[in-house]
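Visitor:
Residue numbers (the numbering used here), protein chains in the order written: chain A, 1 to 158; chain B, 1 to 323.
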C-alpha cells in the first residue's frame, strides 16, 4: 500500500514535468474570458448601470460576457476571428443582436440578424429574433504586436 | 444588523428593476443550471495559421421564488348545511421546485359573515371536487413541491356559521407563501436555492393570494298551527266528545333547503288522540313506526319530512277528542 502511494506521487510529478514537452507551440495570441452581472440601479430617479461579479443570478438578469485578447508575439496577427457559441441558458440582448455578426444555425452561416430567417415550425420561415441566435463572432483585420483589446456581448438569462 | 438591512433594501431596488425588464419569461432557466461561456479564435500570423480557446467562465443560475394564486370559483359558491368547496390554483412562477405554505383566511373586509374553514386539500385530479385521492394540507402547512411553471389546484372546504341570513355573501382568501421564505423582492436566502445556489425573492414577494366568494343558501322554517272543533251535534262547541282537528303547516323559505325537518306535537291535556287520524298532505299515516313518515300515540305525534326545498310547504293533520 505504501509503495502504491509512492508510485502515484511519482507519476504525478512526472506528469506535471512532462506536460510542457507535449504542448503545442505557444500561440502569439491569448484569450481571457470574463463575465459580469449588469444591473440598472435607480437612485433618486436617476438610473445608472453597474457591473459586478455575478453572485446571485436569476432569469431575466443581464450578463456581460467579454473576451480579452492580446498579441504577445513579435509579428502582427491577421484575420483574427473570435467565435463565441451562446450558452443555451442565455439569449442575446437586443443591443448586441442589432450590432454583432451572428449565426442562427449553429455557426454555419453568418450575417446581421435582421436579414436572417429561421423555420417557423409550420413548414415556412419567419424572421429571426435575438432569442434564435446560436453564435456571435467578431472579425479583426490585424492585431499589432503587443496590442490588446476585448470583444463583448450582452446577454439575458432565459 | 442595521447595516445589513440597508444593504438588502438597496439591492432589492436594483433587482426589482431587472425583474420587471425580464418579466416576459414565464419562469426561465431552471435553478442550478450552469451558464458556461467559452470563446475561440482563429488567425494567421505570417505564413502560418493558428487557433486558440479562452478559459470557460461559469455562472450558476439561482432560484427565483415567485408564485401566483387565482380563484377559480367564478360565481359565488352556495353554502348551506352542506359545506362549500372553493377552488383555487397555485402556480409556481419561479424557476425551481418549490413547496408553498397554504393558508385559508375566512376573514375578509366587507364579509357579511365569516365561514368556518373545515380543511384545505390538494385537488389531485383537478376536478374541482373533494374526493378520494385528494390530499389534506393542514392550515399553514406546505403543499407538495411544485415544478417551475406548473400549478396545483387547491380546494378550501368551508362550513356555514350560525346566524347567517339567506343570500348574504362572503369571501375566503387563499394565501400561498414559498416554503423557502418570503420578503421584499431581492431578499436572498443564501445557499437555499435548488441546485445548490441561492434563493432570491422575485417581484411577487414569493407570496400571493386570491379570493373566492360564497353565498349563504339557508332555509327558514315557519310553522302555523290551527284547530277546528266539530261537536257531535253538528256544531263547533268545545264540549266533551267533540273532535278537534289540528292542522300544522310547515313553510320553508330561502334559497336553501331545510334538512331532516320534523313536525312534532303533544296531545293536549284533557283530550285523547284519535287513533290513525294522522295525515301528511291529506294522506293517512299509520300510528306505528313503520315505512311511512309518521308516528302517533296517546302522548303525541311526530312526522319526519326529510329535506324540504325553500318555497315549499308540508301540511300535517291529526285529531283529538275532548274528554
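Even for Gly, the Cβ is constructed at its ideal location relative to N, Cα and C.
Buried or exposed for residue 173 of chain A, please, with buried defined as at least 16 other CB atoms from any protein chain shown within 10 angstroms of its CB.
Guide: Past the edges of chain A, shown from 1 to 158, lies residue 173 of chain A, and the structure says nothing about it.
Visitor: Which value, in whole angstroms, describes the spacing of the CA atoms of residue 131 of chain B and residue 171 of chain B?
Guide: Their Cα atoms are separated by approximately 23 Å.
Visitor: Tell me, which residues are paired with residue 60 of chain B by DSSP?
Guide: B:34, per the DSSP bridge assignment.
Visitor: Determine the burial state of residue 239 of chain B: buried for a count of at least 16 other Cβ atoms within 10 Å of its Cβ, exposed for fewer.
Guide: Residue 239 of chain B is exposed by the Cβ-count criterion.
Visitor: For the beta strand (DSSP E) containing residue 78 of chain B, name the first residue and the last one.
Guide: That run of the beta strand (DSSP E) goes 77-79.
Visitor: Residue 95 of chain B and residue 30 of chain B: beta carbons closer than 8 Å?
Guide: Yes; because the gap between Cβ atoms is below 8 Å, this pair is in contact.
Visitor: Along chain B, which residues have their Cβ under 7 Å away from the Cβ of residue 79 of chain A?
Guide: Here the neighbours are 43, 44.
Visitor: With DSSP as the reference, please indicate the residues paired to residue 209 of chain B in a beta bridge.
Guide: For residue 209 of chain B, which the question treats as bridged, DSSP gives the partners B:175.
Visitor: Run through chain B and tell me which residues come within less than 8 Å of residue 134 of chain A, C-beta to C-beta.
Guide: Within 8 Å Cβ-Cβ: nothing; residue 134 of chain A doesn't reach chain B, min ~13 Å.
Visitor: Kindly list the residues whose CB is nearer than 6 Å to the CB of residue 207 of chain B, restricted to its own chain and excluding five residues on each side of it in sequence; keep chain order.
Guide: 177, 182, listed in sequence order.
Visitor: According to the Cβ coordinates, are residue 257 of chain B and residue 320 of chain B closer than 8 Å?
Guide: No, these two residues do not count as a Cβ contact at 8 Å.
Visitor: Go ahead and pull the three-state DSSP assignment for residue 43 of chain A.
Guide: It is a strand residue.
Visitor: Hey, does residue 28 of chain B have any beta-carbon neighbour from chain A nearer than 8 Å?
Guide: It does: the Cβ of residue 28 of chain B has a partner Cβ on chain A nearer than 8 Å.
Visitor: For residue 202 of chain B, I'd like the list of residues in its chain whose CB is within less than 8 Å of its CB, leaving aside the five on either flank, ordered along the chain.
Guide: Cβ neighbours of residue 202 of chain B beyond the five flanking positions: 19, 64, 65, 66, 93, 94, 185.
Visitor: Which two residues bound the contiguous alpha helix (DSSP H) that contains residue 99 of chain A?
Guide: Where residue 99 of chain A is concerned, the enclosing alpha helix (DSSP H) stretches over 94-99.
Visitor: Let me make sure I understand the geometry here. Which of B:104, B:200, B:279, B:120 has the alpha-carbon closest to that of residue 61 of chain A?
Guide: The shortest C-alpha separation from residue 61 of chain A is found at B:200.
Visitor: Bridge partners for residue 85 of chain A per DSSP, in chain order?
Guide: BP columns for residue 85 of chain A point to A:135.
Visitor: Quick one: give me the first and last residue of the beta strand (DSSP E) that residue 112 of chain B is part of.
Guide: Taken as a continuous stretch (DSSP letters only), residue 112 of chain B belongs to no beta strand (DSSP E), as it is neither H nor E.
Visitor: Would you call residue 45 of chain B buried or exposed, if buried means 16 or more other Cβ atoms sit within 10 Å of its Cβ?
Guide: Residue 45 of chain B is buried by the Cβ-count criterion.
Visitor: Any contact between the segment 122-133 of chain A and the segment 73-90 of chain B? By contact I mean 3 or more CB pairs, one from each, below 8 Å.
Guide: Output reads no: the segment 73-90 of chain B does not touch the segment 122-133 of chain A.
Visitor: Under 8 Å by Cβ, that's how I've got residue 34 of chain B and residue 88 of chain B pegged, so tell me the actual separation to the nearest angstrom.
Guide: The pair is not a contact, with the Cβ atoms about 36 Å apart (cut-off 8 Å).
Visitor: What's the gap between the Cα of residue 60 of chain B and the Cα of residue 27 of chain A?
Guide: Approximately 31 Å, taken between the alpha carbons.
Visitor: Checking contacts by CB at 8 Å: is residue 105 of chain A closer than that to chain B?
Guide: Closer than 8 Å: no.
Visitor: Helix, strand or coil for residue 194 of chain B? Go by DSSP, reduced to three states.
Guide: Helix.
Visitor: Specify, as a first and last residue, the run of the beta strand (DSSP E) that residue 130 of chain B falls within.
Guide: Looking at the DSSP string, residue 130 of chain B is not in any beta strand (DSSP E), and its letter there is neither H nor E.
Visitor: Would you list the one or two residues that DSSP bridges to residue 315 of chain B?
Guide: DSSP, once it has assigned bridges, lists B:249 as partnering residue 315 of chain B.
Visitor: Using a threshold of 8 Å, state whether the C-beta atoms of residue 97 of chain B and residue 194 of chain B are closer than that.
Guide: Yes, Cβ-Cβ distance for residue 97 of chain B and residue 194 of chain B is below 8 Å.
Visitor: Measure the beta-carbon distance from residue 154 of chain B to residue 122 of chain B and round it to whole angstroms, keeping in mind my assumption that it falls under 8 Å.
Guide: That pair is a contact at about 6 Å.
Visitor: Taking the CB atoms as reference points, tell me whether residue 226 of chain B and residue 244 of chain B lie closer together than 8 Å.
Guide: Their beta carbons are not under 8 Å apart, which means residue 226 of chain B does not touch residue 244 of chain B by this criterion.
Visitor: Out of B:304, B:158, B:137, B:28, which has the shortest C-alpha to C-alpha gap to residue 83 of chain B?
Guide: The option with the nearest alpha carbon to residue 83 of chain B is B:158.
Visitor: Let me confirm a value: residue 79 of chain B is counted as buried when at least 16 other C-beta atoms fall within 10 Å, else exposed. Which label applies?
Guide: Residue 79 of chain B comes out buried.
Visitor: Does any residue of chain B have a CB that is nearer than 8 Å to the CB of residue 158 of chain A?
Guide: Yes - at least one Cβ of chain B is within 8 Å of the one on residue 158 of chain A.
Visitor: Applying a beta-carbon distance threshold of less than 7 Å, which residues of chain B neighbour residue 48 of chain A?
Guide: By Cβ distance, chain B contributes nothing, its closest Cβ being about 10 Å from residue 48 of chain A, past 7 Å.
Visitor: Nearest CA to the CA of residue 143 of chain A: which residue from A:100, A:32, A:71, A:99?
Guide: Cα-wise, what sits closest to residue 143 of chain A is A:71.
Visitor: Rounded to whole angstroms, what is the Cα-Cα separation between residue 286 of chain B and residue 134 of chain B?
Guide: Going by the C-alpha atoms only, they are around 46 Å apart.
Visitor: Compare the C-beta of residue 181 of chain B against all C-beta atoms of chain A and say whether one is closer than 8 Å.
Guide: So, not an interface residue.
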